[in-house]
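Some notes on the structure that comes next.
Residue numbers (my numbering): 19 to 420.
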């Protein structure tokens with residue numbers, strides 16, 4: 019029982035775990051504050067990100083742990099140390115976008131291989147000696163890691179699916195010449211506690227320690243550890259419909275995961291192919307990031323204030339506007355037969371008939387359509403619509419000018 023407890027407690031010594039956990043809690047708090055500042059309401063609770071990180075991550079971690087045991091995924095302490103360094107550096111520089119398995123797992127594995135190839139022609143020093151290992155050069159070890167890489171990409175696709183289920187995380191930003199526009203930012207991660215065995219040499223600290231659990235299998239000794247595997251992503255939607263872009267990106271990531279899986283199968287028969295899954299995952303994800311940044315052109319009229327009508331940034335859940343199918347970026351040009359150009363005019367038109375509302379809405383192709391619904395006393399006085407607040411715009415413009 020003591021050995022099991024020690025192995026469990028070892029999970030909490032990883033700095034990556036605490037850095038991601040504290041950051042995620044702060045992200046939820048900051049998001050709610052911005053929602054109240056921009057829209058005078060909270061869209062989702064501050065615990066949304068941390069609940070997804072811990073609870074869903076725990077379930078996924080159990081599944082991945084079973085997979086690593088079944089497929090025989092083995093790494094050593096050198097790989098684990100470099101993985102933590104790479105993950106922390108990527109998270110510090112790229113945020114949640116840097117926590118995709120395509121970056122953390124691929125760069126760690128390729129980097130460790132590069133270091134050990136360098137050691138073949140250059141004597142090791144006190145720093146490079148820490149990463150000296152022959153285990154990473156074995157084809158069966160690389161195959162196991164490429165399986166873990168493919169699973170990580172599928173998990174990232176699942177995270178994007180969860181984003182698309184709650185596709186409303188808007189914010190207001192300042193762009194050139196002090197113009198204020200809306201956009202949508204999605205960021206989050208899963209924290210997977212993955213149980214893995216690490217082969218331990220006879221002369222290292224863990225092997226000589228009486229209090230650290232060691233398992234012997236044949237002539238080899240293994241160190242059991244819970245490793246925090248963090249799978250995260252960040253998506254910014256600047257001009258497209260959030261749900262549409264999130265689904266496109268989800269399918270792109272899943273397609274990349276399928277390609278990595280197929281390459282892994284090929285490496286099982288052709289050992290000289292073992293690096294291809296990692297190279298493909300790294301370059302493929304970079305290409306996906308660049309593609310979606312380019313196609314999501316920010317210089318459009320969507321999510322901008324306009325004199326043509328009231329620009330809708332989003333709709334709250336379980337409200338009349340959500341039932342009417344009003345989408346982010348659409349324009350409300352009239353309400354109950356009265357033309358509207360700002361929030362106050364819309365509010366005045368709604369008060370003409372509090373039992374029934376009929377709106378003229380222009381979609382992304384500037385095609386008008388009519389939506390209508392009956393109103394009840396429990397309905398929001400503004401139908402649950404989210405706008406670019408005039409007062410917020412003036413406040414943000416003043417901060418730009420100052």
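Ideal Cβ placement from N, Cα and C applies to all residues, glycine included. Note that the coordinates shown come from a computational prediction; the quantities given were computed from them, not determined experimentally.
Rounded separation between residue i and residue j - CA only
i: residue 257; j: residue 90; result: 45 Å
i: residue 121; j: residue 180; result: 21 Å
i: residue 406; j: residue 80; result: 43 Å
i: residue 115; j: residue 328; result: 33 Å
i: residue 131; j: residue 42; result: 32 Å
i: residue 313; j: residue 298; result: 22 Å
i: residue 224; j: residue 247; result: Residue placement at residue 224 is poorly supported in this model, since its pLDDT is 47, which falls under 50; the coordinates still yield a value, given next. Those two C-alpha atoms are separated by around 22 Å.
i: residue 250; j: residue 100; result: 18 Å
i: residue 359; j: residue 352; result: 8 Å
i: residue 294; j: residue 284; result: 10 Å
i: residue 39; j: residue 166; result: 22 Å
i: residue 244; j: residue 212; result: 5 Å
i: residue 421; j: residue 71; result: In this structure the chain extends from 19 to 420, so residue 421 is not present and cannot be described.
i: residue 110; j: residue 104; result: 10 Å
i: residue 45; j: residue 203; result: 11 Å
i: residue 69; j: residue 29; result: 19 Å
i: residue 414; j: residue 357; result: Because residue 414 sits at a pLDDT of 45, beneath the cut-off of 50, its placement in the model cannot be relied upon, and the point is left open.
i: residue 78; j: residue 210; result: 6 Å
i: residue 67; j: residue 140; result: 46 Å
i: residue 341; j: residue 309; result: 33 Å
i: residue 371; j: residue 361; result: 17 Å
Span of the alpha helix (DSSP H) around residue i
i: residue 367; result: 361 to 368
i: residue 79; result: 75 to 89
i: residue 55; result: 33 to 57
i: residue 314; result: Note, residue 314: premise wrong, no alpha helix (DSSP H); not H, not E.
i: residue 109; result: 95 to 112
i: residue 275; result: 260 to 287
i: residue 63; result: Element bounds for residue 63: n/a, residue is neither H nor E.
i: residue 293; result: No alpha helix (DSSP H) holds residue 293; DSSP gives it neither H nor E.
i: residue 345; result: Note, residue 345: premise wrong, no alpha helix (DSSP H); not H, not E.
i: residue 70; result: Note, residue 70: premise wrong, no alpha helix (DSSP H); not H, not E.
i: residue 174; result: 157 to 183
Residue i: first and last residue of the uninterrupted beta strand (DSSP E) it sits in
i: residue 375; result: 374 to 380
i: residue 188; result: 188 to 192
i: residue 404; result: 403 to 405
i: residue 391; result: 386 to 392
Nearest-angstrom beta carbon gap, residue j and residue i [assumed within contact, 8 Å]
i: residue 182; j: residue 261; result: 5 Å
i: residue 200; j: residue 188; result: 5 Å
i: residue 347; j: residue 259; result: 7 Å
i: residue 178; j: residue 268; result: 4 Å
i: residue 92; j: residue 217; result: 6 Å
i: residue 153; j: residue 159; result: 6 Å
i: residue 349; j: residue 379; result: 7 Å
DSSP beta-bridge partners of residue i
i: residue 490; result: The question about residue 490 has no answer, for the chain in this structure spans 19 to 420.
i: residue 204; result: 253
i: residue 333; result: 403
i: residue 371; result: DSSP output for residue 371 lists no bridge partner at all.
i: residue 244; result: 213
i: residue 134; result: None; residue 134 has no bridge partner.
i: residue 322; result: 199
i: residue 356; result: 353
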